[in-house]
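K.L.:
Got a structure for you, questions after.
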Amino acid sequence: MPAQAQEISRRLRRWFARHGRDLPWRRTRDPYRILVSELMLQQTQVSRVLEFYARFLERFPSLHDLAAARPAAVREQWEGLGYYARARNLHALSRRVTRDGDGTLPADPAALRTLPGIGPYTAGAVASFAFERPAALVDTNVARVIARLFAPHLRPKRARDLTRIWRIAEAILPRRGPTAWTHNQALMELGALVCTARVRHCDVCPVARACLTRQREGPPPATRPAPRKR
Ligand code: SF4
31 MPAQAQEISR
41 RLRRWFARHG
51 RDLPWRRTRD
61 PYRILVSELM
71 LQQTQVSRVL
81 EFYARFLERF
91 PSLHDLAAAR
101 PAAVREQWEG
111 LGYYARARNL
121 HALSRRVTRD
131 GDGTLPADPA
141 ALRTLPGIGP
151 YTAGAVASFA
161 FERPAALVDT
171 NVARVIARLF
181 APHLRPKRAR
191 DLTRIWRIAE
201 AILPRRGPTA
211 WTHNQALMEL
221 GALVCTARVR
231 HCDVCPVARA
241 CLTRQREGPP
251 PATRPAPRKR
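Okay, so the sequence shown: first residue is 31 according to the numbering used here, each after it adds one.
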């Protein structure tokens, strides 16, 4: 990893240690629990997921319990979260893993991607957050942060640009798995709390000095000091 990227990662991790939210899925390395959180968090806000997460896990504490459940029971527990295809995929995945495999989730992102409903982001998230593998992950928040920090000309919505953002994510990823865990969490947290889609809070950003968007465009209008009255 280039020296500048190492310094950025260090700053992000230090910031995360102080400002990262204490969320239930950050206190566990259980692959099933991480997977449930990741699927629930797709297109749903953290505050909403918190209402459902513990209840769902109480009803289906393991992949085996979920696999044994009737589809209607799974749907009932997911009711209110929306995007029910996520629950259907999770249920199908639990049955596949318990029927065809040894009943455990694989740690390798490529193997994870063969399972129902698991795309490149979720595969990276489970590999990193559950197994502490040094796996890159790029969701909407991370793509925005990486583009603003390193490559403001890239547009995450363009497929070709997104591929380049993935390459940057891989290049800046620490090689030690536990360090990569914190690095990935910190990138996601920065995108959720500081460098958001709506506003970039460059004034409190731990990596502002190295950020290309901040250097080129300055702080966003909302955080610029008001002009003095003459
Ligand atoms: S300095 Fe501003 S634009 Fe750059 S990463 Fe931080 S919040 Fe985002």
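All C-beta atoms in this analysis are idealised placements derived from N, C-alpha and C, irrespective of residue type, glycine included.
What does the shell around ligand 1 hold, if a residue joins when its beta-carbon is under 7 Å from any heavy atom?
P.N.:
V175, R178, L179, L220, V224, C225, R230, H231, C232, C235, V237, A238, C241, T243 and R244
K.L.:
Can you list, in chain order, the residues of its chain whose CB lies under 8 Å from that of F161, leaving out five sequence neighbours each side?
P.N.:
R59, P61, A137 and G207
K.L.:
Where does R230 fall in DSSP's three states?
P.N.:
strand
K.L.:
By Cβ distance, which residues of its chain are closer than 7 Å to V237, with the 5 residues on each side in sequence left out?
P.N.:
I38, R41, L42 and L179
K.L.:
To which residues does DSSP link C225 through a beta bridge?
P.N.:
BP columns for C225 point to R230.
K.L.:
If I follow the unbroken alpha helix (DSSP H) through D130, where does it start and stop?
P.N.:
A115 to D130
K.L.:
Let me make sure I understand the geometry here. Which of F82, E88 and L69 has the alpha-carbon closest to that of A117?
P.N.:
L69
K.L.:
Residues in its own chain within less than 6 Å of H121 by CB, not counting five upstream and five downstream?
P.N.:
V104
K.L.:
Given this structure, state the Cα-to-Cα distance separating L145 from P251, to the nearest angstrom.
P.N.:
45 Å
K.L.:
With distances taken between CB atoms, is the gap from E219 to F46 smaller than 8 Å?
P.N.:
yes
K.L.:
Can you say whether P54 is buried or exposed, counting buried as having 16 or more other CB atoms within 10 angstroms of its CB?
P.N.:
exposed
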